[in-house]
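Heads up: the structure comes next, in structure tokens.
Residue numbers (this note's numbering): 1 to 128.
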């Protein structure tokens, strides 16, 4: 059903940049991680810096579900490229950052980076 309505949206005059992200989400929900990851990468290259954090959060989830531990590590290392500098300016940005940090923590636990995960939680809790 979601596929049907996404196709309708993609064909409408109101479709915008989010259609590719929505298509990637749908592929991920179906377990089609290769297609999802490819689309997420395309979205990252096309998105403005402020819009990358939600894509990266979803990409982390796809990496986690598909067992791509090395790609999780690579993505976490380059997080400065997609985290907005003024992250605490708007409630929506705070929400997206919290979503990212939650997924990042789950990924770090799954790949055995417990110390980094706990360090991150402590720093976020302290406002650093």
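All residues carry an ideal CB built from backbone N, CA and C; glycine is no exception. In this text, all values refer to a predicted model and were calculated from it rather than measured experimentally.
Nearest-angstrom Cα distance between residue i and residue j?
i	j	result
residue 113	residue 73	10 angstroms
residue 100	residue 29	18 angstroms
residue 27	residue 47	19 angstroms
residue 87	residue 63	24 angstroms
residue 49	residue 15	21 angstroms
residue 111	residue 105	10 angstroms
residue 56	residue 82	8 angstroms
So what's residue i in DSSP terms, helix, strand or just coil?
i	result
residue 81	helix
residue 88	coil
residue 50	helix
residue 16	coil
residue 105	helix
residue 55	helix
residue 30	coil
residue 94	helix
By Cβ distance below 6 angstroms, which residues in the same chain neighbour residue i in space, the five residues on each side in sequence not counted?
i	result
residue 10	19
residue 98	none
Less than 8 angstroms between C-beta atoms, sequence neighbours within five positions excluded: which residues of the same chain meet that for residue i?
i	result
residue 59	37, 40, 41, 44, 75
Could you check which residue in the options has the C-alpha nearest to that of residue i?
i	options	result
residue 102	78, 54, 69	54
residue 3	87, 23, 17	23
residue 66	105, 6, 31, 8	31
residue 96	21, 52, 8, 80	52
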